[in-house]
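Before any comments, here is the structure.
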Amino acid sequence: MTALSKKQQTEFEAAAFRRLVAHLRERADVQNIDLMNLAGFCRNCLSNWYREAAEAEGVPLSKDESREIIYGMPYEDWKNLHQNEGSEMQKTAFELNKPHK
Numbered sequence: 364m365t366a367l368s369k370k371q372q373t374e375f376e377a378a379a380f381r382r383l384v385a386h387l388r389e390r391a392d393v394q395n396i397d398l399m400n401l402a403g404f405c406r407n408c409l410s411n412w413y414r415e416a417a418e419a420e421g422v423p424l425s426k427d428e429s430r431e432i433i434y435g436m437p438y439e440d441w442k443n444l445h446q447n448e449g450s451e452m453q454k455t456a457f458e459l460n461k462p463h464k
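All residue numbers for the sequence shown refer to this note's numbering, where the first residue is 364 and numbers rise by one.
Right under this line is the structure:
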């Protein structure tokens, strides 16, 4: 395996993150509840992790600001454009699979 410098690793991780965010923006048809049920995380989780990383470095970032970074628009706008009401099956699966803190 090729040894990467810490700088290279960070740059590659950042590029992969940007690609993931772009992919999620392009796939607005994939509902957050489906992501949670299948993968255990969703766009909101990603925005929370982003905010937590910023705050760990002393950079205050609001929940709304971090969501706009991930969604590419204000969260309320995204919800109005793309979010559908979850089916009973989706909601049941979410209750069974949701992360417990």
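Where a beta carbon is used, it is the ideal one built from N, C-alpha and C, also for glycine. Values in this document were obtained by computation on a predicted structure and should not be read as measured data.
Contact between Gln394 and Gln446 holds: CB atoms are separated by about 7 Å, below the 8 Å threshold.
Counting other Cβ atoms within 10 Å of its Cβ, Arg390 stays below 16 and is therefore classed as exposed. When the Cα atoms are used, Trp441 and Tyr434 turn out to be separated by approximately 7 Å.
In the structure shown, Asn411 adopts helical secondary structure according to DSSP, grouped into three states.
Residues of the same chain with a CB within less than 7 Å of the CB of Val384, apart from the 5 flanking positions on each side, are Ile433 in chain order. For Val384, the enclosing alpha helix (DSSP H) has its first and last residue at 369–389.
In the three-state scheme derived from DSSP, where H, G and I count as helix and E and B as strand, Phe404 is classed as coil. Your pair Ser410 and Arg388 does not check out as a contact, with CB atoms roughly 12 Å apart and the cut at 8 Å. Distances from the alpha-carbon of Asp392 to those of Glu448, Asn460, Lys454 put Glu448 closest.
Secondary structure at Ala416: helix, using DSSP grouped into helix, strand and coil.
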